[in-house]
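Right, one structure below, let's go through it.
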Amino acid sequence: METIEPATKIIDFIQSSDNRKKMMYTCAGMLYKEGFEELLDSKRDVIGMKSGVYDFTEDRFRMMELDDYITLSTRISFVPLDYNSEATNEVLDLLAKVFSNEDIRRYFMRFISSCLEGRNTNKIFSIWSGSGDNRKTIMVSLIEQVFGDYAIKMPTSLLMEKRPDEGNKLNFSVMKEITGNDSLYVRGLYKEGTIIPQTAKFILIANRIPQMSMFDKAVWSRIRIMPFVSTFVDKIELSHDLLTTHLKDINFSNKIYFFAPVFMKLVIEEYKQYLTYGLEEPNEVKDCTEIICVSNNIFGQFLSANVEKNNKNIVAIKELYDLYKYWSKDMFPIMKVKDISSLRQYLVKNL
56 METIEPATKI IDFIQSSDNR KKMMYTCAGM LYKEGFEELL DSKRDVIGMK
106 SGVYDFTEDR FRMMELDDYI TLSTRISFVP LDYNSEATNE VLDLLAKVFS
156 NEDIRRYFMR FISSCLEGRN TNKIFSIWSG SGDNRKTIMV SLIEQVFGDY
206 AIKMPTSLLM EKRPDEGNKL NFSVMKEITG NDSLYVRGLY KEGTIIPQTA
256 KFILIANRIP QMSMFDKAVW SRIRIMPFVS TFVDKIELSH DLLTTHLKDI
306 NFSNKIYFFA PVFMKLVIEE YKQYLTYGLE EPNEVKDCTE IICVSNNIFG
356 QFLSANVEKN NKNIVAIKEL YDLYKYWSKD MFPIMKVKDI SSLRQYLVKN
406 L
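FYI, in my numbering the residues of the sequence shown are 56 to 406.
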């Protein structure tokens with residue numbers, strides 16, 4: 056009876072909208088915390104999951120605490136890793152088929168594990184490339200399911216050169232900005248602009264890698280090509296390379312939801328290796344990146360084929376550009392010849 060009477064008074068009190076407003080105002084004053092919004096999702100070594108968080112500083116899954124200030128979540132449960140389970144074996148089998156090269160497979164997992172930290176320590180812009188049905192889309196779907204709120208799809212147009220005469224080319228200045236560890240100026244909808252730390256890693260999925268709007272050594276030092284060379288087919292033929300050709304599992308897309316917790320635990324385990332050994336690229340990744348880098352460096356190809364650098368002779372930029380125009384039309388007849396200002400800018404930046 057003693058409990059019911061105060062409760063009844065409270066119920067009667069909150070029936071009034073004015074009283075409810077007074078209560079909310081009082082609670083807001085009592086609970087106010089200076090800089091609360093800046094604290095949200097600011098811990099870079101804690102990731103939200105169902106029923107708790109994974110704390111990488113302590114290397115354990117734990118219950119969420121008030122001072123974690125987490126609003127994001129992977130939306131998947133944390134599960135212990137069981138290498139004998141069917142789900143684990145299916146995920147490992149997929150990885151072995153998509154990346155038949157063990158070094159590339161290890162690099163892929165280590166790169167994904169590096170995404171668990173809330174920073175882009177390596178300043179990498181990863182490009183996943185390969186033509187045909189090679190499971191890029193499946194891997195993207197799996198990663199989206201694993202990272203939940205922490206993974207966002209962006210329009211590719213945000214990375215492209217805006218001028219229509221440039222064609223489908225990546226904007227090098229945008230790439231340089233987003234791959235640095237510097238802060239970014241952003242403005243939310245109906246909000247004032249603010250400065251935020253750059254914590255994201257960017258991945259471009261492309262069958263064909265777009266050219267850069269301009270060659271820049273600083274940008275190319277950050278690009279890494281992830282080669283997807285396997286092919287998944289409906290029927291294996293005698294002419295197929297059995298090392299890189301595999302039968303499709305038409306039901307795999309339906310299993311991604313169930314495989315996500317397993318893949319996350321594999322990624323967490325690999326993260327420990329990443330912390331110890333870092334993100335060292337295998338030769339296959341270096342070679343693929345170098346090939347694409349050279350193909351984008353038209354001025355570099357021209358200078359390598361036509362100019363010998365020494366400290367005695369001087370060539371005028373106009374004379375050099377005339378030679379470049381002749382060479383470019385001969386070597387790349389369908390490619391638009393770059394203007395003299397682009398050549399001058401290249402020489403200043405790269406020589």
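Ideal Cβ positions, reconstructed from N, Cα and C, are used throughout, including at glycine.
Asked	Found
For Pro282, report the span of its beta strand (DSSP E) as first-last.	Ile278 to Pro282
Beta-carbon within less than 8 Å of Ile395's beta-carbon, same chain only, minus the 5 sequence neighbours each way: which residues are those?	Ile372, Lys373 and Tyr376
To the nearest angstrom, how far is the alpha carbon of Asp67 from that of Arg117?	40 Å
Rounded to whole angstroms, what's the CA-CA distance from Leu150 to Thr286? Just pull it up for me.	13 Å
To the nearest angstrom, report how far apart Pro219 and Ser212 are at their CA atoms.	Low confidence applies here, because Pro219 scores a pLDDT of 42, under 50, leaving its location unreliable; read the following figure in that light. If you take the alpha carbons of Pro219 and Ser212, they lie about 12 Å apart.
At which residue ranges does the segment 252-315 contain complete alpha helix (DSSP H) runs of 4 or more residues, listed in the order of the chain?	272-275
When you compare each of Asn226, Asn144, Phe91 and Asn366 to Leu121 by their alpha carbons, which one comes out closest?	Phe91
Three-state secondary structure (DSSP) at Met386?	helix
Based on Cα-Cα distance, which residue from Pro135, Asn139, Lys98 and Leu136 lies nearest to Met119?	Lys98
Check whether the Cβ atoms of Phe314 and Ala206 lie closer than 8 Å to each other.	no
Out of Ile179, Gly355 and Lys256, which one is the CA nearest neighbour of Val403?	Gly355
What's the call for Tyr162, buried or exposed, on a 16-neighbour Cβ count within 10 Å?	buried
What does a CB cutoff of less than 6 Å around Met164 pick up in its chain, not counting 5 residues either side in sequence?	Glu325
Between which two residues does the beta strand (DSSP E) holding Asp110 run?	Gly107 to Asp110
What does a CB cutoff of less than 6 Å around Glu232 pick up in its chain, not counting 5 residues either side in sequence?	none
Does Asp73 pass the burial test, meaning 16 or more other C-beta atoms within 10 Å, or should it be called exposed?	exposed
Relative to the alpha-carbon of Ser186, which residue among Asn309, Val195 and Ile264 has its alpha-carbon at the smallest distance?	Ile264
State the Cα-Cα distance for the pair Pro61 and Ala83, rounded to the nearest angstrom.	23 Å
Taking only three categories from DSSP, how would you classify Thr143?	helix
Can you list the beta strand (DSSP E) stretches of 3 or more residues lying completely in the segment 176-220, in chain order?	180-184
Distance, Cα to Cα, Tyr379 vs Ile346?	21 Å
Evaluate contact between the segment 144-159 and the segment 336-343, counting only Cβ atoms and requiring at least three cross-stretch pairs below 8 Å.	yes
Measuring alpha carbon to alpha carbon, tell me which residue in Leu147, Pro388 and Leu239 is nearest Met194.	Leu147
Does DSSP put Met88 in a helix, in a strand, or in coil?	First, the amino acid is wrong: residue 88 is Lys here, not Met. DSSP places Lys88 in coil when its eight states are reduced to three.
If the criterion is Cβ atoms closer than 8 Å, does the pair Ser169 and Leu334 meet it?	yes
So Asp38 and Thr126 are supposed to be a Cβ contact under 8 Å. How far apart are they, rounded?	This structure leaves residue 38 out entirely; the chain is present only between 56 and 406.
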